[in-house]
Amino acid sequence: MILSDADILARLEAGELAIEPLDDPELQIQPASVDLRLGREFLEFQRTNIPCIHPNSEQEVDEYVTETIVEDGDDFILHPGDFVLGTTYERVEIPADLIAHVEGRSSLGRLAVVVHATAGLCDPGYRGQITLELSNLGTAPVALTPGMRISQLTFTELKTEAERPYGSDRGSKYQDQDGPQASRIQSDDEFGGDQLERE
Ligand SMILES: Nc1ccn([C@H]2C[C@H](O)[C@@H](COP(=O)(O)OP(=O)(O)OP(=O)(O)O)O2)c(=O)n1
Numbered sequence: 001m002i003l004s005d006a007d008i009l010a011r012l013e014a015g016e017l018a019i020e021p022l023d024d025p026e027l028q029i030q031p032a033s034v035d036l037r038l039g040r041e042f043l044e045f046q047r048t049n050i051p052c053i054h055p056n057s058e059q060e061v062d063e064y065v066t067e068t069i070v071e072d073g074d075d076f077i078l079h080p081g082d083f084v085l086g087t088t089y090e091r092v093e094i095p096a097d098l099i100a101h102v103e104g105r106s107s108l109g110r111l112a113v114v115v116h117a118t119a120g121l122c123d124p125g126y127r128g129q130i131t132l133e134l135s136n137l138g139t140a141p142v143a144l145t146p147g148m149r150i151s152q153l154t155f156t157e158l159k160t161e162a163e164r165p166y167g168s169d170r171g172s173k174y175q176d177q178d179g180p181q182a183s184r185i186q187s188d189d190e191f192g193g194d195q196l197e198r199e
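For the sequence shown, full-length UniProt numbering assigns the number 1 to the initial residue and increments by one for each residue that follows.
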């Protein structure tokens, strides 16, 4: 079941879901979702001389990424074809019996701005800001202003609570993330890795 505005409000009031700061609930809580605002930090990807990025190389991933912080009154210009990581301004805490989906807003979609290129699921138990995978599929640069409502979260109730919510597992590498977080896929190896068995 997807939560309605009344369900979301009841959860927030009961302290069973946190979205903070929710400065303007009347504006941000939509009929079945909550609009989240854009933070001021961005991670941009550099053109690189190395032949390719190996996802399991922390050094290659880190060298590829630079941070930009947008000052008050400034915008972040997202150029056609760009892919950058942004962050929600709000921090969320998802309880063990909900999952949240990060969705774009139609008004930005109509300007060809896509808010999550691939991954859009916040696990039961997840706490932290949400990293946004921002891209511009259009032909004109688009100015993104920190504080603008950029994405929306919908919530789906699970039939039963997750037995091992996000954060209880050693692999929960994005728990409590603050600001945009580059891929930490390299730490999958520390946690046992994703290896195919040799025949
Ligand atoms: N656009 C998104 C999607 C997810 N998340 C956060 C909330 C999720 O609960 C957490 C982990 O997401 P995934 O399970 O999709 O990521 P991984 O499988 O790569 O990470 P892990 O191994 O930690 O589960 O990241 C985020 O900040 N921004």
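Cβ coordinates follow ideal geometry from the N, Cα and C atoms, glycine included.
Heavy atom of ligand 1 within 7 Å of residue i beta-carbon
i	result
Gln-152	no
Ala-6	no
Val-102	yes
Glu-58	no
residue 210	It is not possible to answer for residue 210, since the shown part of the chain is limited to 1 through 199.
Tyr-64	no
Ser-33	no
Gly-179	no
Thr-131	yes
Gly-171	yes
Gly-86	no
Gly-120	yes
Which of helix, strand or coil DSSP assigns to residue i
i	result
Leu-36	strand
Glu-197	coil
Gln-181	coil
Gly-128	strand
Glu-13	helix
Ile-2	strand
Ile-94	coil
Gly-107	Per the sequence shown, residue 107 should be read as Ser rather than Gly. Correct three-state label for Ser-107: helix.
Leu-153	strand
Ile-8	helix
Ser-187	helix
Glu-58	helix
Leu-27	helix
Glu-163	coil
Glu-20	strand
Neighbourhood of residue i by C-beta distance below 7 Å, restricted to the same chain and skipping five residues each side
i	result
Met-148	Arg-37 and Leu-38
Ala-96	Pro-124, Gly-125, Glu-161, Ala-162 and Pro-165
Leu-9	Ile-29
Leu-111	Gly-138 and Val-142
Thr-131	Leu-85, Thr-87, Gln-177, Pro-180 and Gln-181
Close-in-space but distant-in-sequence residues of the same chain around residue i (CB under 8 Å, 5 per side omitted)
i	result
Arg-105	Asp-35, Val-115, Arg-149, Ile-150, Ser-151 and Gln-152
Met-1	Thr-156 and Glu-157
Gly-120	His-101, Val-102 and Glu-103
Asp-62	Ala-182
Whether residue i touches residue j by CB criterion (8 Å)
i	j	result
Asp-169	Asn-136	no
Leu-12	Ile-99	no
Arg-40	Ile-19	no
Gln-46	Thr-88	no
Glu-103	Ser-4	no
Glu-90	Leu-22	yes
Leu-85	Ala-182	yes
Ala-140	Pro-80	yes
residue 228	Glu-26	A query on residue 228 cannot be resolved here, the shown segment of the chain reaching from 1 to 199 and no further.
Contact set for residue i: own chain, Cβ-Cβ below 6 Å, skip 5 residues either direction
i	result
Glu-93	Ala-18 and Arg-127
Gly-167	Gly-125 and Gln-175
Thr-145	Asp-75
Phe-42	Thr-68, Phe-76, Val-84 and Gly-86
Gly-109	none
Gly-179	Glu-41 and Thr-87
Residue i Cβ short of 7 Å to ligand 2 heavy atom set
i	result
Ser-106	For the structure depicted, ligand 2 is absent and the ligand set comprises only ligand 1.
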